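Enquirer: Below is one structure. I have some questions about it.
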Amino acid sequence: MLRSVGLESPEELFSTIPADILLTDRLNVPDALSEMELLARFESLAAQNAAALRPSFLGAGAYTHYSPTIIDSLIQRSEFFTAYTPYQPEVSQGTLQAIFEFQTLVCQLTGMEVANASMYDGSTALAEAVLMAERVTRRNKVIVSPALHPEYLHVAETYVAHAGIELQQGGFDERTGLSTFDDAAVDDKTAALVVQSPNFFGCVEDLAVLAERAHRAGALLVVCVTEAISLGLLKSPGACGADIVVAEGQSFGVPVSFGGPYVGLFATRERYARQIPGRLVGVAYDREGRRGFVLTLATREQHIRREKATSNICTNEGLIALAATIYLETMGRRGLQEVAAQCAQKAAYAARKIGELEGFSLPYSAPRFNEFVVRAPAAAEGLLERIADEHNITGGLALSRYSPARANDFLVCVTETNRRSEIDALVAALKSI
Amino acid sequence: MTTPKATTHVTQNEALIFERSQTGRCGYRLPALDVDETPIDELIPSNLRRDDDLAGVPEVSEPDVVRHFTRISTWNYNIDLGMYPLGSCTMKYNSRLNERVARIAGFANLHPLASERDAQGALEVIYELQQHLAEITGLPGISLQPAAGAHGEMTGVMIIRAYLDARDGEASSKRRVMLIPDSAHGTNPASAHLSGFTVKTVRSTPEGQTDLDALRDLCSAGDVAGLMLTNPNTVGLFEKNIREICRIVHDAGGLVYMDGANMNALVGWARPGDMGVDVIHLNLHKTFSTPHGGGGPGSGPCCCTKELEPFLPVPRVVRGGDGFKVDYDQPESIGRVKAFYGNFGMHLRALAYILTHGRDGLREATEAAVLNARVIAEGLTSDYERPFSDPPMHEVVFTDKRQGRKGVNTLDIAKRLIDYGFHPMTIYFPLIVQGAMLIEPTESVGRQEIQQFVEAMRAIAREAQEDPELVRTAPHTTKIGRLDEAAAARKPILRWKPEEKSATA
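Chain order of the listed sequences is D and X. Quick note on my numbering: the first sequence kicks off at 104 and runs consecutively. Quick note on my numbering: the second sequence kicks off at -10 and runs consecutively.
Below, the structure is given as structure tokens:
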């Protein structure tokens, strides 16, 4: 083939690269592995991830839920996973229709009017929501609940560092475990109140009250949901008056996979549709009047508007959004309700049992969904390590990871995948220590 | 009684799932609740619970779902079906082996907040991939946290901003201009804007190279923070003055950011670090073969010089003790750009790609990718206008100039290519080439298919002369024809609603 283009050696293909920057040595990368060798290598690495192989009560932004078998089977169809972004609608209707269904499902669950084709994850979706709130209101102060996932806050801080937005911290009621917003702080410079529900400590916020509080000052309410299964049971943020709703969609059948890939959900009111970041799919018709789907409202996006775009996002999380779509359609209306109810019931059972243990308490009084804080009689980190070593259970997340002052607190998450015997084993383990 | 008429099979007209929903259908079964049930009102008061009974969410059976997605999937073109020559997108083969690796339970079921000691295998994967990417780019500082190319760009530009702020203190505020060539992808200016930079455009020469005089001029003002450059650039040419370009920007006190979208032309042959580049992002979903998935997930690692390393996102995964650890102690870091560690599932696949290719395989893949583009360049020059005469790297740009005389434009040619069984090339990008058709075959196509592609393109060129209407009305073989995108944007319908059932069925 080289000869067919008049060349003698592969080196000639790279003749336009100046000689002084052409590599003369081979890369310092190992020699090729066969399929068997590669699998053996990765199997042995995977075996060192002890936490993946034992019962776990970790949540805090990544949740283990049951994933129906057909999800992985369908997303591994070549037609889905080896397709590109659907720029050519005539040969991408499968992807486009799936995204349209995803957008619809996100609207139904969040109670909003418009949703996009996905963001990278919940944390970046939240950061983009903060930027959007500034664009919509032309105000630059954003008040964030202290009960927001600490990593989400950290991401938002990075995104707004050069955007002229001031992030302020709201208040927190140490008795209830709920966010508070000081009347004096919410003023005519406030673009948005940002609140997570259920919040980082597992408490369900009263969003309707917070929406009213924000709207009174002409600000938006941005609601963040990290445990999207809660939407099967809790009143939708839209019904409570939220203006922008973002969520982590990993709970919808996506493996925890050490933190990604996940999928960010982003939804808002119809009047803000042209301010939304990312891709949108809409209905279109051909000359014969046949219905199809296309990427639309592209004039918001970077490939048209360049530096004036609503976001720089291009590739998003298409295949994971597809997985979430298949999950939501397979579980359906009743399945989502049942999963959510089971999570709440099992968490309530676990909370009651742990709360009865001597020396342990549940510090917050607010209603919870499937996570709760436990206050232990000793430092939680060491306690959880011992439970892992001696009882082979990952008992939760020591909150000292994010806040040194919370040395004795840990966050427990219970889902439909945790059998009663696992919960009882956790309770017994805590009791024995 | 009327006789039922045969109609187009439902596979060609699969409705939206909402239109198939039947009350009472169910596609799942959970184990029975195994704990004592507490009345729900005692757990969560009714004013905090849904009162809409999830109206509108579909009720369908498992076979309904499988048929639904299988049917609509057949309307997609995909790499496994054939060549997908999207320029600057690097649509190469996605190995099934890599999919298997990502699904190993010890990775897929590993929670991101597991303690360090319980996640050593995953941390080693991240660390090892970091090492290989640093070697491939010649840039030793690296973070795998960014989730896609544009995210990596944003990270890289923020690193430049943080470095300049640290270096120049107050005086840094005078350096707020980011230079971007007129051929750049739209994500570049959008990412620069997010870091508070003003964008100024550097023009290209008629030969398709960055104009050095224009660059010197722009750099003389003293307000330049940096240059964002794609290399090979978006017309498929290597920026042969890259060393000089970097020198000019560095002499002016700025830094050079390289968009790594086109790294598939360089792996194993040349390294951005050796060219003078300060920071780059890679697209693991391009060069390193992680699947595009119909628009993601991607992964956009950011690699930089030793000097810029302190500004990378936190946490960093480093060697420590007798294992690997997560290091948060980076006081100069720009912060976090994503929760947890980035798209770890993509890291696994990319590492598997590197390990199965090995040092020689990586170099040979690059060679094949460039050779394939060269064959297309040679094969189409007789029929299509090629605006730049230098030999292309891994992708080549043509225009519709000759076909335009018959009223056939780039969009028509792209749509007609579908009838020949190929996915269209990238069209109307870069913006500096009027009627651009940017073709990137990658290494994943054999000689025979390359020839078929060339023949299809030539046949379309002939049709444009002899029967232009045939091309202008393409595609003729798909489920639907060209859609009225303007009407769709004027009155956007972005979700299904029950009342639209009859209107849109």
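Ideal Cβ placement from N, Cα and C applies to all residues, glycine included. A quick note: this is a predicted structure, and the numbers were derived from the prediction, not measured.
In chain D, which residues lie less than 8 Å from X:A15 when you measure between Cβ atoms?
Expert: Note on residue identity: the sequence assigns Cys, not Ala, to residue 15 of chain X. Correct list: G435, R437 and G438.
Enquirer: Determine the closest residue to D:G344 out of D:L310, D:T283 and D:Q196, with distance taken between C-alpha atoms.
Expert: D:L310
Enquirer: Compute the Euclidean distance between the alpha carbons of X:L351 and X:L99, then round it to the nearest angstrom.
Expert: 30 Å
Enquirer: In chain D, what lies closer than 7 Å to X:H140 by C-beta?
Expert: Y223
Enquirer: For D:S107, count neighbouring C-beta atoms within 10 Å of its own C-beta (all shown protein chains included) and say buried if the count is 16 or more, exposed if not.
Expert: The residue in question, D:S107, is exposed, as its Cβ has fewer than 16 Cβ neighbours within 10 Å.
Enquirer: In whole angstroms, what is the alpha-carbon distance linking D:E254 and X:M446?
Expert: 50 Å
Enquirer: Cα separation between X:I269 and X:G158?
Expert: If I take the Cα positions, the gap works out to 24 Å.
Enquirer: Please look up how many angstroms separate the CB atoms of D:K456 and D:I526, rounded, as I've assumed it's under 8 Å.
Expert: 7 Å
Enquirer: Under the three-state reduction of DSSP, which class applies to D:K244: helix, strand or coil?
Expert: strand
Enquirer: Please return the same chain residues whose Cβ sits closer than 7 Å to the Cβ of X:I421, not counting the five positions on each side in sequence.
Expert: So the list reads D171, S172 and S193, once near-sequence residues are dropped.
Enquirer: Under DSSP, the alpha helix (DSSP H) around D:F203 begins and ends at which residues?
Expert: Q196 to T213
Enquirer: So, D:V357 versus D:A447, is the Cβ gap smaller than 7 Å?
Expert: No.
Enquirer: Nearest to D:R408 by CA position, among X:I402, X:T466, X:A179 and X:F7, is which residue?
Expert: Considering only alpha carbons, the answer is X:A179.
Enquirer: Which one of X:I149, X:F387 and X:S132 has the shortest CA to CA distance from X:I495?
Expert: There is simply no residue 495 of chain X to check, as chain X begins at -10 and stops at 494 in what is shown.
Enquirer: Can you name the residues of chain X whose CB is closer than 7 Å to the CB of D:P358?
Expert: Residues of chain X passing the Cβ test: A97 and N98.
Enquirer: Where does D:F361 sit, in a helix, a strand or coil, going by DSSP?
Expert: For D:F361, the three-state secondary structure derived from DSSP is helix.
Enquirer: Exposed or buried, what is D:E461 when buried is set at 16 or more other beta-carbons lying within 10 Å of its beta-carbon?
Expert: Counting every other CB atom within 10 Å of its CB across the protein chains shown gives D:E461 a total below 16, marking it as exposed.
Enquirer: For a minimum of 4 consecutive residues, which ranges assigned as the alpha helix (DSSP H) are wholly contained in the region 458 to 515 of chain D?
Expert: 483 to 494
Enquirer: So the candidates are D:V239, D:A314 and D:R180; which of them puts its Cα closest to the Cα of D:E373?
Expert: D:V239
Enquirer: Spell out the partners DSSP gives X:G215 in its beta bridges.
Expert: X:M167 and X:L244
Enquirer: Can you say whether D:Q211 is buried or exposed, counting buried as having 16 or more other CB atoms within 10 angstroms of its CB?
Expert: buried
Enquirer: Looking only at C-alpha atoms, which of X:L255, X:D25, X:D379 and X:A259 sits nearest to D:T127?
Expert: X:A259
Enquirer: Express the C-alpha separation of X:C208 and X:K480 in angstroms, rounding to a whole number.
Expert: 45 Å
Enquirer: Are the beta-carbon atoms belonging to X:V219 and X:M252 less than 7 Å from one another?
Expert: According to the sequence displayed, residue 219 of chain X carries Thr and not Val. Between X:T219 and X:M252, the CB-CB gap reaches or exceeds 7 Å.
Enquirer: Grab me the residues of X:A494's own chain with a C-beta within less than 6 Å of its C-beta, minus the 5 sequence neighbours each way, in chain order.
Expert: At X:A494 the pLDDT is 38, less than 50, meaning the model places this residue with poor confidence; the figure from the coordinates comes in the next sentence. If you ignore the 5 residues before and after X:A494, its C-beta comes within less than 6 Å of no other C-beta in its own chain.
Enquirer: Nearest by alpha-carbon distance to X:G13: which of D:G435, D:I416 and D:N219 is it?
Expert: X:G13 has its Cα closest to that of D:G435, out of D:G435, D:I416 and D:N219.
Enquirer: For D:L336, does the three-state DSSP call read helix, strand or coil?
Expert: coil
Enquirer: Can you tell which of X:R375, X:T466 and X:E474 has its C-alpha closest to the C-alpha of X:I428?
Expert: X:R375
Enquirer: Looking at chain X, is there any beta carbon in it that lies within less than 7 Å of the beta carbon of D:P253?
Expert: no
Enquirer: Go through its chain and collect everything with a Cβ distance to D:Y169's Cβ below 7 Å, but skip five positions before and after it.
Expert: E519 and T520
Enquirer: Kindly indicate if chain X contains any beta-carbon less than 7 Å away from that of D:I173.
Expert: Chain X, which has a Cβ nearer than 7 Å to the Cβ of D:I173, makes this yes.
Enquirer: Which class does X:S237 belong to by DSSP, given the choice of helix, strand or coil?
Expert: Per the sequence presented here, residue 237 of chain X reads as Ile, with Ser not at that position. Looking at X:I237 - three-state DSSP - the assignment turns out to be helix.
Enquirer: Let me see if you follow: with CB-CB separation under 7 Å, is X:C235 close to chain D or not?
Expert: X:C235 is outside the set of residues whose beta carbon lies under 7 Å from a beta carbon in chain D.
Enquirer: What residues match up with X:D270 in a beta bridge as DSSP calls it?
Expert: According to the sequence shown, residue 270 of chain X is His rather than Asp. The partner list for X:H270 (beta bridge, DSSP) reads X:D248 and X:C291.
Enquirer: How about X:T493: is its C-beta nearer than 7 Å to some C-beta of chain D?
Expert: Below a pLDDT of 50, predicted positions are generally treated as unreliable, and X:T493, at 44, falls in that range; the measurement from the model is reported next regardless. With 7 Å as the cut-off, X:T493 counts as an interface residue toward chain D.
Enquirer: Using a C-beta to C-beta distance shorter than 7 Å, which residues of chain D count as neighbours of X:V364?
Expert: M104, S107 and V108
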